[in-house]
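Working notes, beginning with the structure itself.
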Amino acid sequence: MSDPTRPSLDAAELAALEQKTEAAIALLERIAREHVPAVLASSLGAEDMVLTDLIARHALSIGLFVLDTGRLHEETYALIARVEAHYGLRLQLFAPRAEEVEAFVARYGINGFYDSLEARRACCAARKVQPLARALAGKRAWITGMRREQSPTRSDLPQEQWDEAHGLAKFNPLADWSAREVWAYLRRHAVPFHPLHERFYPSIGCAPCTRAVAVGEDPRAGRWWWEHPEHKECGLHRRPVLTGETR
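Per this note's numbering, residue 923 is the first one in the sequence shown, and the count goes up by one each step.
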């Protein structure tokens, strides 16, 4: 099995990557200028590390935060410390409220998220969705590392949209990037990245809900692998609303 984290891009592909990088920088600069305060919601995955590097490299006034669900991989916590040391910055962590987690466990059991879609969504709500709402309170924009090719639920992902649930702008600067381009950027700029990526974890979330993928599997096949593909969202990302669109 070839290593997808070490792509070899030809001259045309590298030129295309340079153009996309310049476009992403321009978008991030506009966000920092026109949507103060803005934040990057980082899962510390490959895409978020590209964005972290661009923000830090260009000294953009964009905050960075991580949702510490309490069940992340040990490698994820180690990467938080590594990123902070590498860039000389502090990542803000938002944890779930103890009473919310206790209520989930009391109703569904400690690992009840395996038992039903309802239970899994309830766990994500307590550990991710509610902390995200606190992280975005008072912000004018948030940035994600989502890409169109990641899953069927993201195939029509725009670069800019309105987040109706939180009442602010939402940006996906890497929406049209390929996985090869993400990894080419990380390798070219020596950006720190999650070690599980080299063990065939293209998408990394909570430890109990993430596994490695096999040859030919969808990049998000390792997330909530016991569920149907159309259900594989945690609730952080609702259906995109394009700028100017109404419901």
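In this text, a Cβ means the ideal position worked out from N, Cα and C, and glycines have one as well.
Nearest-angstrom Cα separation, counted from residue j out to residue i
i, j, result
"TYR1030", "SER1073", "28 Å"
"LEU1079", "GLU1120", "26 Å"
"LYS942", "TRP1099", "8 Å"
"LEU949", "ARG955", "10 Å"
"ALA938", "VAL972", "16 Å"
"ARG1133", "ALA1106", "24 Å"
"ALA1055", "ASP925", "37 Å"
"ARG1043", "HIS1150", "13 Å"
"GLU944", "ALA1047", "36 Å"
"LEU1011", "VAL1005", "8 Å"
"ARG979", "LEU1118", "24 Å"
"ILE1032", "ARG1019", "16 Å"
"CYS1045", "ILE953", "32 Å"
"ALA1143", "CYS1128", "14 Å"
"ILE947", "ALA1028", "46 Å"
"GLN1083", "TRP1148", "30 Å"
"GLY1034", "GLU940", "45 Å"
"TRP1146", "ARG1069", "18 Å"
"ALA903", "ILE977", "No answer is possible for residue 903: it lies beyond the span of the chain, which begins at 923 and ends at 1169."
"ARG1110", "SER965", "21 Å"
"GLY1089", "VAL961", "14 Å"
"ARG1169", "ALA1087", "At ARG1169 the pLDDT is 33, less than 50, meaning the model places this residue with poor confidence; the figure from the coordinates comes in the next sentence. Computed Cα separation, rounded: 12 Å."
Whether residue i touches residue j by CB criterion (9 Å)
i, j, result
"THR998", "LEU1108", "no"
"ALA1091", "ALA963", "no"
"GLU935", "GLU1103", "yes"
"LEU982", "GLU951", "yes"
"PRO894", "ALA1112", "No information on residue 894 is available, as it lies outside the stretch 923 to 1169 that the chain covers here."
"HIS995", "PRO1114", "no"
For residue j and residue i, believed in contact at Cβ under 8 Å, the rounded distance
i, j, result
"PHE1016", "ASP990", "7 Å"
"ASP970", "GLY1067", "4 Å"
Proximity to residue i [Cα-Cα], best of the options
i, options, result
"GLU1021", "ARG1049, ALA933 and GLY1034", "ARG1049"
"GLY985", "LEU931, LEU1013 and ARG1102", "LEU1013"
"VAL1023", "ARG979, SER930, VAL1051 and HIS1116", "VAL1051"
"HIS1116", "VAL1104, GLY967 and GLU1086", "GLY967"
"PRO1130", "SER930, ARG1019, ARG993 and HIS1111", "ARG993"
"PRO1053", "VAL1005, VAL988 and VAL961", "VAL988"
request  = State whether the segment 1118–1131 contacts the segment 1088–1098, with contact taken as three or more CB pairs (one from each stretch) at a distance under 8 Å.
outcome  = no
key: Inter-stretch contact at 8 Å, needing at least 3 Cβ pairs: the segment 1038–1049 / the segment 1075–1090   = In short, these stretches do not touch, since the Cβ pair count stays below three.
query = Looking at C-beta atoms only, is the number of pairs between the segment 955–965 and the segment 1060–1067 that lie closer than 8 Å three or more?
reply = yes
ask   = Is there contact between the segment 1001–1019 and the segment 1138–1147, where contact requires at least three CB pairs shorter than 8 Å?
value = no
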